[in-house]
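**Q** Read top to bottom, the protein sequences are chains A and B. Take 0 as the starting number for the first sequence in numbering that gives the first Met the number 0 and just add one per residue. Take 0 as the starting number for the second sequence in numbering that gives the first Met the number 0 and just add one per residue. Backbone N, C-alpha and C fix where the C-beta goes; we use that ideal spot for every residue, glycine too.
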Amino acid sequence: MALLDQKNNNVSITVFILCCVHTIMTRKENGWQEHREDFQRIPELAINPLGDRIINAFFPEGEDQVNFRGFMRTLAHFRPIEDNEKSKDQNGPEPLNSRSNKLHFAFRLYDLDKDDKISRDELLQVLRMMVGVNISDEQLGSIADRTIQEADQDGDSAISFAEFVKVLEKVDVEQKMSIRFLH
Amino acid sequence: MPACRMKGMALAEPFQTGHAAWATLQIEEGVKKQKAMALENLISTGIIQRDETPMEEEVVGRCRGCFSLADVMYFSKKGCEAVAEDEVTRRFSSEELLSWNLLSRTNANLHHVSWKLAAVWVTGILIRYCLLLPLRICLSVFSILLLVLATTVVGQFPNGRVKGWLSNQVQMICATLGIRCMSGLVNFHNRENKPQQGSICVANHTSPLDVLILASDGCYSLVGQVHGGLIGLIQKSCMQTSQHVLFERSEMKDRHLVRKKIREHIADKAKLPILIFPEGTCINNTSVMMFKKGSFEVGGTIHPVAIKYDPRFGDAFWNSTKHSMMTYAFNVLTSWAIVCNVWYLPPMVKEEEEDAVHFADRVKAVIAARAGMSVLPWDGGLKRKKVKESFKEEQQKKYCQIVIENGSVGNGNVC
C-alpha cells in the first residue's frame with residue numbers, strides 16, 4: 000500500500016487498515032462508495048461548525064462519491080507521527096501524516112477555491128462558519144484583517160502555504176491533528 | 000542400582016516432555032485468550048482513543064480572547080474522529096458478534112472457510128427452518144388465538160376484582176406462551192424490586208419482545224402507539240380486559256395530553272403499574288440513549304428495569320428502518336433462541352431540587368450500569384430525523400466565547 004509510509008510491517012499500520020475497514024463495513028452495506036449524504040448522517044459531524052468543509056476534504060475534485068482508497072488517504076493525515084519514523088530515509092515520498100501534510104490539510108480547509116492562497120473573503124467565510132451569528136460583520140472583518148496582516152509577508156493580502164506554515168511554526172501540529180487508534 | 004536409575008530416568012523422560020508439552024499448551028491457550036480479549040475490547044470499546052479535552056483547552060493558545068489560524072485543527076480533528084468512529088448511528092443496526100453464531104444473517108461476507116463449517120451451517124439451517132420454524136409458528140398461532148378468545152371471554156365479566164384477577168392471569172399466561180414460541184429463556188433478578196401498583200416502570204427498549212418478557216412476570220398497563228395489523232389485533236384484545244393507554248403517533252407529540260393521562264393513571268392506586276420506554280425507539284442493546292423527560296415529570300415512584308439480551312443465540316433488535324414487523328418476526332422465529340436477563344432495580348424518586356432531565360439521566364445511568372451498556376446523550380430519534388441545528392449553534396457559541404474576551408475582540412490580539 001503506497002498510501003502509507005514504507006514501514007509496511009509495522010503492526011500499527013495493519014491495525015490502522017483493519018480499523019478503517021471496520022468503520023466502513025459497519026456503516027456501508029452495499030459497495031465501498033460513500034456519498035456526501037452518508038457523511039451528513041453522522042450526528043457528531045453534523046453539529047461540527049466546519050462539518051461541510053471536512054466532508055469536502057474527503058471528496059476529490061468535483062466528484063460526489065469517494066472510494067475506500069480515497070477515504071483512507073484523507074483519514075491517514077491524522078495518523079500520529081511515531082518517533083522512530085522521524086529519522087527514516089528521505090528518499091521515499093513524504094508520508095501523508097507528516098507535519099507538512101497535516102498543515103496542508105488544515106490549509107485546504109481554509110482555501111475554498113483551491114488556488115493555494117487564503118484570501119480575505121475565504122478567511123471571512125470560514126470564520127463565519129466557526130462563530131455562527133454571534134459576532135458582527137465588522138468584528139469578524141477586523142479579525143480577518145489582522146490575521147492576514149500578521150501572516151502576510153509578500154504583500155499580496157493573501158496567505159500562501161509557506162506563510163501559513165511560518166505562522167504556525169510554534170504550534171504542536173502533531174498533537175493537535177492526531178487520532179490515536181487503540182490496539 | 001544404576002539399572003534402576005536408568006529405568007527411572009527413562010520413565011521420567013516422557014513425563015517431563017509431557018509436562019513441557021502441557022505447559023506449552025497452557026501458554027498457547029493463554030495467548031489465544033489474550034488475543035480474543037483484545038479483539039473483544041476492540042469491538043466493544045471502540046477503535047480510536049477519543050480526545051476528551053474540552054474546546055477551551057485545545058483551542059486556547061498562548062492567550063485567551065484571540066483567534067489563531069490553528070483553531071481549525073480542533074474542529075477538523077473532532078470531525079475526523081466522528082468519521083472514523085461514529086458512536087451514534089452504529090446503535091441503530093445490529094450488534095457485531097465476536098464469533099459467528101451460524102446464522103447467515105450475522106455473517107457480513109459469506110465466504111467459504113471450510114467444508115466442516117459449511118456442513119454444520121447447513122445442518123443448522125435445516126434444524127432452524129424445517130424443525131423449529133413450523134413448531135414455533137403453530138405455537139404462536141395457537142397462543143394468539145388463545146389470547147383473543149380468553150380476552151373476549153374475560154371481557155364479558157362485570158368489572159370487579161374477579162375480572163381483574165382473571166385478566167391478569169390471562170395476560171401472564173399468554174405472555175409466557177409467547178415467550179415459549181420463540182424459545183425464550185428469561186432470567187429474572189431481584190424480583191423483590193418488582194414494580195408495585197400505582198408506579199411507573201421504565202426500561203431500555205430493544206424490540207417489541209421487551210413487552211412480552213416483562214408481561215410474563217407481572218401485569219402492566221402499556222403506553223404506546225397504535226399499530227395496525229397483527230399487533231393491532233393483539234392490542235385490541237388486551238384493551239378489552241385491562242386499562243392501557245394507547246396513542247396515535249400524531250397525538251404522542253402532544254406531551255401535555257400524554258402526561259395528563261399518565262398522571263391520572265398512576266393516581267389511581269388500584270391500577271396496574273404503567274410501563275414506559277423513555278428512549279422512544281428501539282436501540283440495539285449495546286447502549287442506552289437519551290431518556291425523554293416526559294415520564295419523569297409526572298412524579299410518582301419510578302421502578303427502573305434493565306433488559307439485556309444475549310446476542311449469541313439470536314438478534315432481538317428490531318431495525319424498523321430495515322425490516323418490517325413480519326420480517327422481524329420471521330427472523331426471531333428462525334433464530335436459535337432468545338436469551339435475556341432482566342434486572343428489577345430499586346425504586347427511585349425525583350428529588351426536590353432535581354429537574355426532570357437530570358432525574359432521567361440518573362435513572363438511565365443506573366439501568367446502563369446494571370446491564371453493562373454504555374450511556375449516550377444522543378436522542379434515539381436520530382434514527383429517522385436529522386440532528387437539530389441548535390446543537391451546531393451551541394458549538395459555535397462555545398467557540399465564540401473563547402475567541403472573544405469580555406464581549407470584544409480584546410486588543411485585536413491574533414496569536
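Let's see if you can read the secondary structure: which residues bound the beta strand (DSSP E) around Cys200 (chain B)?
**A** Note, Cys200 (chain B): beta strand (DSSP E), 199 to 202.
**Q** Would you please verify whether the beta carbon of Met176 (chain A) is less than 8 angstroms from any beta carbon of chain B?
**A** So, interface residue.
**Q** So, using beta-carbon positions, are Ile301 (chain B) and Pro346 (chain B) closer together than 8 angstroms?
**A** A contact, by the Cβ cut-off of 8 angstroms.
**Q** Identify every residue that forms a DSSP beta bridge with Leu274 (chain B).
**A** Looking at the DSSP assignment, Leu274 (chain B) forms a beta bridge with B:Cys200, B:Leu221.
**Q** Could you tell me the distance, in whole angstroms, from the CA atom of Gly313 (chain B) to the CA atom of Thr326 (chain B)?
**A** Gly313 (chain B) and Thr326 (chain B): Cα-Cα distance of roughly 14 angstroms.
**Q** Taking Trp377 (chain B) as the query, report the chain A residues whose CB atoms sit under 9 angstroms from its CB, ordered along the chain.
**A** Pro42, Glu43, listed in chain order.
**Q** For the alpha helix (DSSP H) containing Phe141 (chain B), name the first residue and the last one.
**A** That run of the alpha helix (DSSP H) goes 132 to 154.
**Q** Around the Cβ of Thr16 (chain B), are there at least 16 other Cβ atoms within 10 angstroms (buried) or fewer (exposed)?
**A** Exposed.
**Q** Taking its Cβ as the centre, do 16 or more other Cβ atoms sit within 10 Å of Gly293 (chain B), making it buried, or is it exposed?
**A** The residue in question, Gly293 (chain B), is buried, as its Cβ has 16 or more Cβ neighbours within 10 Å.
**Q** Measure the CB-CB distance between Val356 (chain B) and Ala364 (chain B) and report whether it falls below 8 angstroms.
**A** No, the Cβ-Cβ distance between Val356 (chain B) and Ala364 (chain B) is not below 8 angstroms.
**Q** Using the Cα positions of Met129 (chain A) and His243 (chain B), report the straight-line distance between them to the nearest angstrom.
**A** Distance between the alpha carbons of Met129 (chain A) and His243 (chain B) is about 49 angstroms.
**Q** When you compare the CB of Ala105 (chain A) with every CB in chain B, is at least one pair closer than 8 angstroms?
**A** Output row for Ala105 (chain A): interface = yes.
**Q** Determine the burial state of Phe316 (chain B): buried for a count of at least 16 other Cβ atoms within 10 Å of its Cβ, exposed for fewer.
**A** Looking at its Cβ environment, which holds 16 or more other Cβ atoms inside 10 Å, Phe316 (chain B) is buried.
**Q** Would you mind working out which of B:Ala359, B:Glu57, B:Leu68 sits nearest Phe106 (chain A), comparing C-alpha positions?
**A** Comparing Cα positions, the closest option is B:Leu68.
**Q** Would Lys175 (chain A) pass as a contact of Lys76 (chain B) if the rule is Cβ separation under 8 angstroms?
**A** It is a contact, given that the beta carbons lie within the stated cut-off.
**Q** Is it true that the CB of Asn203 (chain B) sits closer than 8 angstroms to the CB of Val331 (chain B)?
**A** Taking 8 angstroms as the Cβ cut-off, Val331 (chain B) and Asn203 (chain B) do not qualify as a contacting pair.
**Q** What residues of chain C sit near Val130 (chain A), judged by a beta carbon separation below 8 angstroms?
**A** This model lacks chain C altogether; the protein chains it does include are A and B.
**Q** What in chain B is Cβ-close to Phe163 (chain A), meaning under 9 angstroms?
**A** Chain B residues near Phe163 (chain A): Leu68.
**Q** Consider the Cβ of Arg179 (chain A): report whether some Cβ of chain B lies at a distance smaller than 8 angstroms.
**A** Yes - at least one Cβ of chain B is within 8 angstroms of the one on Arg179 (chain A).
**Q** Can you have a look at Gly231 (chain B) and say buried or exposed, based on whether 16 or more other CB atoms are within 10 angstroms of its CB?
**A** Burial call: exposed.
**Q** With a threshold of 8 angstroms between beta-carbons, can Phe67 (chain A) be considered close to chain B, or not?
**A** No, its Cβ sits nowhere closer than 8 angstroms to a Cβ of chain B.
**Q** Since Leu88 (chain B) and Arg35 (chain A) are thought to touch, with beta carbons under 8 angstroms apart, how far apart are those beta carbons, to the nearest angstrom?
**A** Here residue 88 (chain B) turns out to be Thr, not Leu, going by the sequence shown. That belief does not hold up - the Cβ atoms of Thr88 (chain B) and Arg35 (chain A) are roughly 15 angstroms apart, past 8 angstroms.
**Q** Does DSSP put Glu33 (chain A) in a helix, a strand or coil?
**A** If DSSP states are grouped into helix, strand and coil, Glu33 (chain A) belongs with the strands.
**Q** DSSP three-state call for Met71 (chain A): helix, strand or coil?
**A** DSSP places Met71 (chain A) in helix when its eight states are reduced to three.
**Q** Pick from A:Glu43, A:Phe180, A:Phe104, A:Ile46: whose alpha carbon is nearest that of Asn55 (chain A)?
**A** Minimum Cα distance to Asn55 (chain A) is reached at A:Phe104.
**Q** Need the endpoints of the beta strand (DSSP E) that Ala305 (chain B) sits in, please.
**A** Residues 301 to 308.
**Q** Quick one: any contact between the region 273 to 288 of chain B and the region 375 to 382 of chain B, if contact means 3 or more CB pairs under 8 angstroms?
**A** With a cut-off of 8 angstroms, the region 375 to 382 of chain B and the region 273 to 288 of chain B count as touching, because enough Cβ pairs lie within range.
**Q** Taking a cut of 9 angstroms between CB atoms, which residues from the region 145 to 177 of chain B lie near chain A?
**A** Within the region 145 to 177 of chain B, no residue has a Cβ that lies closer than 9 angstroms to any Cβ of chain A.
**Q** Can you tell me which of the three DSSP states Val348 (chain B) falls into?
**A** Val348 (chain B) falls in the coil class under three-state DSSP.
**Q** Which residues in chain A sit within 7 angstroms of Glu80 (chain B), going by Cβ to Cβ distance?
**A** Per Cβ cutoff of 7 angstroms: Ile178.
**Q** Residues of chain A with CB under 8 angstroms from Phe290 (chain B), in chain order?
**A** Ordered by position in chain A, no residue passes the 8 angstroms Cβ test against Phe290 (chain B), which lies about 17 angstroms from the chain.
**Q** Would the beta-carbon of Lys259 (chain B) fall within 8 angstroms of that of Gln196 (chain B)?
**A** Taking 8 angstroms as the Cβ cut-off, Lys259 (chain B) and Gln196 (chain B) do not qualify as a contacting pair.
**Q** Helix, strand or coil for Ser118 (chain A), going by three-state DSSP, please let me know.
**A** If DSSP states are grouped into helix, strand and coil, Ser118 (chain A) belongs with coil.
**Q** I need the straight-line Cα distance from Glu28 (chain A) to Ala143 (chain A), nearest angstrom please.
**A** With a pLDDT of only 45 at Glu28 (chain A), under 50, the local geometry of the prediction cannot be trusted, and no value is derived from it.
**Q** Under 8 angstroms between C-beta atoms, does Phe183 (chain A) make it to chain B?
**A** Because chain A in this structure spans residues 0 to 182, residue 183 (chain A) falls outside the shown range and cannot be described.
**Q** Cβ closer than 8 angstroms: which chain B residues qualify as neighbours of Gly50 (chain A)?
**A** Within chain B, the residues near Gly50 (chain A) are Gly78, Lys391.
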